[in-house]
Amino acid sequence: MIRTISFHFFAAVILLVAAVSSVRADPAGPGYAAVYAPEAAFEECRGATAADAMTCAAKACAAAVGSADDCYTLVACDAGGWAAIMGVMLEEIHFTTASCGAPTREAAIEEMKARCAGYLPHMKECWLSRVIPLHGDEDAAEAVEISWSKADFEG
Numbered sequence: 299m300i301r302t303i304s305f306h307f308f309a310a311v312i313l314l315v316a317a318v319s320s321v322r323a324d325p326a327g328p329g330y331a332a333v334y335a336p337e338a339a340f341e342e343c344r345g346a347t348a349a350d351a352m353t354c355a356a357k358a359c360a361a362a363v364g365s366a367d368d369c370y371t372l373v374a375c376d377a378g379g380w381a382a383i384m385g386v387m388l389e390e391i392h393f394t395t396a397s398c399g400a401p402t403r404e405a406a407i408e409e410m411k412a413r414c415a416g417y418l419p420h421m422k423e424c425w426l427s428r429v430i431p432l433h434g435d436e437d438a439a440e441a442v443e444i445s446w447s448k449a450d451f452e453g
């Protein structure tokens with residue numbers, strides 16, 4: 299019985315590794331990456347892969363601020379779906395954050411709302427500025443005006 303369970307477990311692991319390898323080799327959509335230099339630059343790119351997009355965005359950020367040392371990757375993904383860009387104002391600092399890979403526009407918005415709530419009690423305001431479909435036209439990014447304040451999460 300233990301040999302049967304071990305065999306099935308081993309077979310499941312092999313199938314899982316094969317599935318993950320095929321996803322990496324054949325991404326479902328265009329790559330996307332966003333790179334940020336605090337209070338200086340926010341750059342994003344699309345590419346054939348997340349790595350291509352990240353290289354592009356990192357170069358753009360370094361060019362904008364003069365040094366790659368000031369830039370860091372916020373998000374990079376290959377899987378298509380939806381990306382979202384949000385500004386966050388805390389009591390002492392403000393910054394930009396991003397996500398990608400949400401299955402729907404609504405899921406991207408809900409993810410950012412949950413992230414915003416995660417900054418409580420120090421969060422003053424979050425504002426979602428764009429949602430971007432990563433499964434088609436690069437120019438189809440949608441400017442949105444959605445914001446949340448502390449009051450939206452209290453009581």
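When we follow our numbering, the leftmost residue of the sequence shown carries the number 299, and every step to the right adds one. Heads up, the beta-carbon is just placed ideally off N, CA and C, and yes, glycines get one too. Please read these numbers as outputs of a predicted model, since none were measured by experiment.
Between Ala339 and Val373, the C-beta gap is not smaller than 7 angstroms, which leaves the two residues out of contact.
Here the C-alpha atom of Ala349 lies approximately 12 angstroms from the C-alpha atom of Ala377.
Residue nearest to Cys424 within the set Ala331, Glu341, Thr395 is Thr395 (criterion: CA-CA distance). Between Tyr370 and the set Met384, Gly329, Lys422, Ala355, the nearest pair of CA atoms involves Ala355.
With respect to the C-alpha of Met421, the residue from Leu432, Ala406, Ser447 having the closest C-alpha is Ser447.
Comparing alpha carbon positions, the residue from Ala346, Ala449, Gly329, Tyr334 closest to Met384 is Tyr334.
DSSP lists Phe393, Cys424 as the bridge partner or partners of Val386. For Gly399, the three-state secondary structure derived from DSSP is strand. With a contact defined as Cβ atoms closer than 8 angstroms, Ala441 and Arg428 qualify at about 6 angstroms. Counting of Cβ neighbours within 10 angstroms places Ile430 among the buried residues, the total reaching 16 or more. A straight line joining the alpha-carbon of Ala405 with that of Ala331 spans about 19 angstroms.
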